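The structure appears below as structure tokens.
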Amino acid sequence: DAKTTQPTSMDCAEGRAANLPCNHSTISGNEYVYWYRQIHSQGPQYIIHGLKNNETNEMASLIITEDRKSSTLILPHATLRDTAVYYCIVLIQGAQKLVFGQGTRLTINP
Amino acid sequence: GAVVSQHPSRVICKSGTSVKIECRSLDFQATTMFWYRQFPKKSLMLMATSNEGSKATYEQGVEKDKFLINHASLTLSTLTVTSAHPEDSSFYICSASGLGGETQYFGPGTRLLVL
Chain A
2 DAKTTQPTSM DCAEGRAANL PCNHSTISGN EYVYWYRQIH SQGPQYIIHG LKNNETNEMA
62 SLIITEDRKS STLILPHATL RDTAVYYCIV LIQGAQKLVF GQGTRLTINP
Chain B
307 GAVVSQHPSR VICKSGTSVK IECRSLDFQA TTMFWYRQFP KKSLMLMATS NEGSKATYEQ
367 GVEKDKFLIN HASLTLSTLT VTSAHPEDSS FYICSASGLG GETQYFGPGT RLLVL
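Protein chains in written order, with this note's numbering: chain A, 2 to 111; chain B, 307 to 421.
Put into structure tokens, the structure is as follows:
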């Protein structure tokens, strides 16, 4: 599976959009981009995933560049409860093994 | 939908005893379940993958005789930490995926403290 690179930490003001970048320059054509987050002392929570088209659900939007070498997770109106570590993971279609990197520690400030 | 539970949420045990942790998929059939371990300030590390009705596949460095995994039904997997030692103290998290799905849904985790 392709390796991902994320900033170690980010801050965002409450109510603003939080944009979390992820680089996956070695991604192959059949690898999906998945995003999970882990709030302190809880299990990871699935957020969203995509292959090449932009995706949106009730939690977030996922913007994938045309060359698929990077993506951005957007939390449109961040709240204090969005403070968590966010993991960007690429996963080959049909594969099962999630490999967690260090993720981005997002802090939402009041 | 896609709810996974774990029990217990936290457990304290004496060194040398065994501890069983249950992982249940509450609203879907989990053909595959995964067990992870997480040490403080570290990321999740996959321990093993189990498919319903077959033996678990362990990651390199994980002792299968120490961490017994059973996946007897499509909604339940158990992890038993045998002869627990203080270094086994950790946060154990399970996840589950359903038929044809790559998306894994995680349980809330079990915090194990071995004294």
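Yeah, the Cβ is synthetic: ideal placement off N, Cα and C, and Gly gets one too. Remember, predicted model here, so these are calculated numbers, not experimental data.
{"Query": "Can you say whether residue 105/A is buried or exposed, counting buried as having 16 or more other CB atoms within 10 angstroms of its CB?", "Result": "buried"}
{"Query": "Relative to the C-alpha of residue 315/B, which residue among 328/B, 324/B and 308/B is closest?", "Result": "328/B"}
{"Query": "Residue 87/A versus chain B: which residues are under 7 Å apart at the beta carbon?", "Result": "Within chain B, no residue comes near residue 87/A; the closest Cβ sits about 12 Å away, beyond 7 Å."}
{"Query": "Helix, strand or coil: which one does DSSP assign to residue 330/B?", "Result": "strand"}
{"Query": "Is the beta carbon of residue 395/B within less than 7 Å of some heavy atom of the ligand FMN?", "Result": "Ligands are entirely absent from the displayed structure, and the ligand FMN is therefore not among its contents."}
{"Query": "Determine the closest residue to residue 82/A out of 91/A, 63/A, 50/A and 41/A, with distance taken between C-alpha atoms.", "Result": "41/A"}
{"Query": "Quick one: Cα of residue 17/A to Cα of residue 79/A, how far?", "Result": "6 Å"}
{"Query": "According to DSSP, simplified to helix, strand and coil, what is residue 343/B?", "Result": "strand"}
{"Query": "Would you say residue 334/B and residue 352/B are within 8 Å of each other, going by their C-beta atoms?", "Result": "no"}
{"Query": "How is the beta strand (DSSP E) around residue 105/A delimited, first residue to last?", "Result": "105–110"}
{"Query": "Which whole-angstrom value describes the C-beta separation of residue 24/A and residue 70/A, a residue pair presumed to lie in contact below a C-beta threshold of 8 Å?", "Result": "7 Å"}
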